[in-house]
Amino acid sequence: MSLYEVGVPPFAFVQLLESQALDPDAVARFRNVMTREGTNEGLLIQREVQAPLRWFREVYPELDVDQAILLGFAFAEQAQLTSFGPLSFPLVSAGSVAEIVELLTYLPLISTALSPQFYPSEHGLTIALTGHTSDPALDCLVVTYGGLAVLRLLDMLAGDVSTVRLHLTWPVPTFMTNHEEIIGGRLLFNAPMSFLHVPAETLSEVCRFSDPLAYRLAIVDLKQTLEQRSGTTSFSEKVRRFLEKDRPGQSSRQSVADELSISTSTLKRRLSEEGTTFRELRESCLRERAMLRLLDRSISVSEIATDLGYSDLSNFSHAFKRWTGRSPREFSHDQHER
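Counting from 1, position 150 in the sequence shown corresponds to residue 150 in full-length UniProt numbering; the numbering is continuous, with no gaps.
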């Protein structure tokens with residue numbers, strides 16, 4: 001088990017194994033894999049070690065997108081308030097829907113397989129969900145699980161939050177004949193990217209077990225823990241975080257290397273060791289942010305191009321068409337029509 005392996009929260013994984021959601025043969029195969037690697041359920045929880053997602057590929061060698069969505073549903077249905085390690089206590093003490101979704105900032109403490117990107121607007125909060133497994137089916141699994149788990153937690157803590165919707169990039173699975181009725185119409189497929197949308201009026205919805213002092217103290221602890229663990233964060237994740245908080249279009253290899261106190265050649269080598277490049281990370285960040293912003297009707301394409309660091313609208317339009325096959329205006333029109 002590598003230090004930088006992407007995985008899922010250990011307690012959530014153990015709860016899945018001990019539920020009736022998986023067939024006994026699959027559970028036995030998972031336990032055989034753990035035995036081979038010198039670990040078990042108890043050690044995963046005790047050491048707060050993520051359960052590597054490659055285990056799912058080994059147990060389900062023919063895993064495709066349809067099966068991944070089914071597994072994502074099974075995983076999310078087992079989610080409890082105790083499933084998320086250091087995030088569990090602040091979840092329970094959160095005072096509002098806004099404070100619940102804010103905790104996604106600290107997702108790296110329990111899983112590096114999924115990253116959120118936040119985009120607030122006058123209409124509410126949109127949170128892009130991106131998998132980092134380098135395996136399309138496993139990305140589908142973690143995005144489906146993560147998004148549905150958030151919806152389940154909101155139901156537990158805030159009651160009726162039917163206005164919050166999960167959009168997935170994948171087509172409707174063949175096993176879902178009446179997908180419009182799934183979780184009250186809150187799950188939509190064939191989206192341009194995977195994201196959660198929380199309307200502005202829903203963000204202020206009050207939670208059942210609000211404890212403002214406990215929440216503030218928990219956030220302080222989470223920040224400290226995240227800072228302490230920064231030394232064990234992969235280079236690609238560090239670069240991604242820097243790009244997400246900065247203007248990715250204006251960030252250069254040199255500026256990122258300076259931020260990380262390394263040379264550009266070291267940055268290139270370390271990213272290569274992790275199977276990626278600076279250009280790939282920056283383009284991914286630009287693409288996600290551009291699509292998120294184009295979902296907001298109140299912002300012009302020119303404003304988005306400027307915000308992303310493009311010198312003119314033409315350069316942005318060429319880049320966006322290269323990423324998606326459509327111009328920004330065509331993309332925006334299609335999404336509003338949907």
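Glycine is no exception: its CB is placed at the ideal position from the N, C-alpha and C atoms.
These figures come from a predicted structure and were not determined experimentally.
**Q.** Backbone secondary structure at His123 - three-state DSSP
**A.** Taking the first residue of the sequence shown as 1, we reach residue 123 at position 123. If DSSP states are grouped into helix, strand and coil, His123 belongs with coil.
(Q) Rounded to whole angstroms, what is the Cα-Cα separation between Val164 and Ala149? (A) Taking the sequence shown and counting its residues from 1, one reaches residue 164 at position 164. Taking the sequence shown and counting its residues from 1, one reaches residue 149 at position 149. Cα to Cα, Val164 sits roughly 12 Å from Ala149.
**Q.** Paired residues, beta bridge with Phe278 - DSSP
**A.** To locate residue 278, count along the sequence shown from 1; it is residue 278. Bridge partners of Phe278: none, in fact.
(Q) Which residue marks the beginning of the alpha helix (DSSP H) containing Val198, and which one marks its end? (A) Within the sequence shown, residue 198 is the residue found at index 198, counting from 1. Not the alpha helix (DSSP H): Val198 falls in the beta strand (DSSP E), residues 195-199.
Q.
Using the Cβ count rule (16 or more neighbours within 10 Å means buried), how would you classify Phe209?
A. As a first step, residue 209 is located in the sequence shown; it is residue number 209 there, counting from the start. Phe209 is exposed by the Cβ-count criterion.
(Q) Rounded to whole angstroms, what is the Cα-Cα separation between Phe11 and Thr39? (A) Within the sequence shown, residue 11 is the residue found at index 11, counting from 1. Within the sequence shown, residue 39 is the residue found at index 39, counting from 1. The alpha-carbon atoms of Phe11 and Thr39 are separated by roughly 14 Å.
Q.
Rounded to the nearest angstrom, what separates Trp55 and Phe30 at their Cα positions?
A. Taking the first residue of the sequence shown as 1, we reach residue 55 at position 55. Taking the first residue of the sequence shown as 1, we reach residue 30 at position 30. Roughly 7 Å separates the two Cα atoms.
(Q) On the CB-based measure, 16 or more other CB atoms within 10 Å of its CB, does Leu23 come out buried or exposed? (A) By 1-based counting over the sequence shown, the position of residue 23 is 23. Strictly speaking, residue 23 in this sequence is Asp, with Leu absent from that position. It is exposed - the Cβ of Asp23 has fewer than 16 other Cβ atoms within 10 Å.
Q. What's the call for Glu280, buried or exposed, on a 16-neighbour Cβ count within 10 Å?
A. Against the sequence shown, residue 280 aligns to sequence position 280. Glu280 is exposed by the Cβ-count criterion.
Q. Would DSSP call Thr169 helix, strand or coil?
A. Here residue 169 refers to the residue found at position 169 when the sequence shown is read from its first residue. Thr169: coil per DSSP, three-state reduction.
Q | Candidates Ser236, Ser204, His167, Leu87, of which the one nearest Leu217 by Cα | A | Position 217 of the sequence shown, counted from the start, is the residue given in the question as residue 217. Measuring from the Cα of Leu217, the nearest candidate turns out to be Leu87.
Q) From Asp296 to His333, what distance separates their C-alpha atoms? A) Position 296 of the sequence shown holds residue 296. Position 333 of the sequence shown holds residue 333. Roughly 11 Å between the two C-alpha positions.
Q) Secondary structure at Ser134, three-state DSSP: helix, strand or coil? A) Stepping through the sequence shown from its first residue, residue 134 is reached at position 134. Coil at Ser134, not helix or strand.
Q) Helix, strand or coil for Leu44 per DSSP? A) Indexing the sequence shown from 1 puts residue 44 at position 44. If DSSP states are grouped into helix, strand and coil, Leu44 belongs with the helices.
Q | Segments assigned alpha helix (DSSP H), at least 4 residues, entirely inside the stretch 204-271 | A | 212-228, 235-245, 253-259
Q. Comparing the C-beta of Glu280 with each C-beta of chain B, is any distance below 9 Å?
A. This model lacks chain B altogether; it includes just one protein chain.
Q) Are there 16 or more other CB atoms within 10 angstroms of the CB of Val174, so buried, or fewer, so exposed? A) In the sequence shown, the residue the question calls residue 174 occupies position 174. Note on identity: in this sequence residue 174 is Thr, with Val being the wrong assignment. Exposed, because fewer than 16 other Cβ atoms sit within 10 Å of the Cβ of Thr174.
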